[in-house]
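Notes follow the structure.
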Amino acid sequence: MTEIDRAAPRRRMPVITGILVLIALAILITLGTWQLQRLHWKQGLLADIAARQAAAPVPLADIEAMAASGGDIEYRKVTATGRYINNKERHFFATWRGQTGFYVYTPLELADGRVLFVNRGFVPYENKEPEMRMQGQLTDQQTVTGLARAKLPGKPSSLVPDNDVAKNIFYWKDLDVMAESVGLEKGRVIPFFVDADSTPNPAGLPIGGVTQVDLPNDHLQYALTWYGLAAVLVVVVAISWFRKPGKTSSQ
1 MTEIDRAAPR
11 RRMPVITGIL
21 VLIALAILIT
31 LGTWQLQRLH
41 WKQGLLADIA
51 ARQAAAPVPL
61 ADIEAMAASG
71 GDIEYRKVTA
81 TGRYINNKER
91 HFFATWRGQT
101 GFYVYTPLEL
111 ADGRVLFVNR
121 GFVPYENKEP
131 EMRMQGQLTD
141 QQTVTGLARA
151 KLPGKPSSLV
161 PDNDVAKNIF
171 YWKDLDVMAE
181 SVGLEKGRVI
191 PFFVDADSTP
201 NPAGLPIGGV
211 TQVDLPNDHL
221 QYALTWYGLA
231 AVLVVVVAIS
241 WFRKPGKTSS
251 Q
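Sequential numbering from 1 applies to the sequence shown in the UniProt record's numbering.
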């Protein structure tokens, strides 16, 4: 084998290494840029939600029309008037400010006979049953103001327990099953929920205004991580490139 034949692999190796470095660098920069794009999107979404929550409430019919046309109704402020069907309330297992209990979902019967499920708020575990909070069981016509919440298309995750309908304990908000379990015809039920605002109830229960907007916004941190890795890669390659072959710390 000639000297030229032996030198060829040595010449090819830096070329292949350079290509791999450029590919890795492009991937890291792309991931960082994508996270910045996600950051701008998330900031816009959070600002939109804040604006919806701060806006004046609109009639229920407006939210219904928006939902029917495929519009985004989440967190839009709405008002509805009717009478609570207290003996058909459903209980959603929840934690509120460190305390375990339930969100009380009560059907509100409207003047036209249709029904809107309202999340009236939180009650501690020991107040799950209505007889433990009778003063809060409103019987007259009520006008509720709150935030519209879309119906879930299905179980959010396999990690979420199945709803225990027999014990009236729901781990995810299955509107159809909530209605069916208390004998309400699907055609009578408005296809979304409303979370009641913090207007106090008699004796303080349920505690309204429990809507939580939990949208993590760690995209800037992720972007800095990807860009940082790209910078480290450049530094490592630069050091390797400019280091003299065969030079040791003893020289």
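Cβ coordinates follow ideal geometry from the N, Cα and C atoms, glycine included.
Keep in mind that this is a model prediction, so the values were computed, not measured.
Reference residue i, options the options, closest by Cα
i: P191; options: T17, G208 and D176; result: D176
i: D72; options: W96, A150 and Q43; result: A150
i: G44; options: A238, V237, N217 and A223; result: N217
i: P200; options: H91, R83, G146 and P156; result: G146
i: A96; options: M134, L110, R83 and Y125; result: According to the sequence as given, residue 96 is Trp; it is not Ala. Nearest option by C-alpha distance: Y125.
i: G183; options: V115, G228, P130 and D214; result: V115
i: T33; options: R243, Q221 and V236; result: Q221
i: L215; options: A238, A47, A67 and I16; result: A47
i: A179; options: H91, P130 and W41; result: H91
i: Q135; options: P202, D162 and V123; result: P202
i: M132; options: G204, L229 and S157; result: G204
i: Q53; options: L229, M66, R243 and V213; result: V213
i: K42; options: H219, V236, I239 and I16; result: H219
i: L152; options: F170, D174 and S158; result: D174
i: P130; options: S157, S158, D162 and N168; result: N168
Sequence-distant residues of the same chain with beta carbon closer than 6 Å to residue i, five excluded per side
i: V118; result: T106, L108, V144, V194 and A196
i: S249; result: Residue confidence is low: S249 scores 47 on pLDDT, short of 50, so the model does not pin down where it sits. Its coordinate-derived value is still stated next. Here the set comprises nothing.
i: P57; result: K77, V78, T79 and T145
i: L36; result: A223
i: A55; result: K77
Same chain only: Cβ atoms within 8 Å of residue i, ignoring 5 sequence neighbours per side
i: L233; result: V21, A24, L25 and L28
i: K128; result: H91, G101 and F102
Nonlocal neighbours in the same chain, by C-beta distance under 7 Å from residue i, ignoring five residues either side
i: S198; result: G208 and G209
i: R188; result: G113, R114 and V115
i: T211; result: L147 and D195
i: A231; result: none
i: I63; result: I73, R76, V78 and A148
i: R38; result: H219
Beta-carbon proximity check, residue i vs residue j, cutoff 9 Å
i: W241; j: L31; result: no
i: A94; j: Y84; result: no
i: E74; j: A148; result: yes
i: T139; j: A111; result: no
i: K186; j: W172; result: no
i: Q137; j: N86; result: yes
Cβ-Cβ separation, residue j to residue i (assumed contact under 8 Å), whole Å
i: P206; j: G121; result: 3 Å
i: S181; j: V165; result: 5 Å
i: V123; j: G101; result: 5 Å
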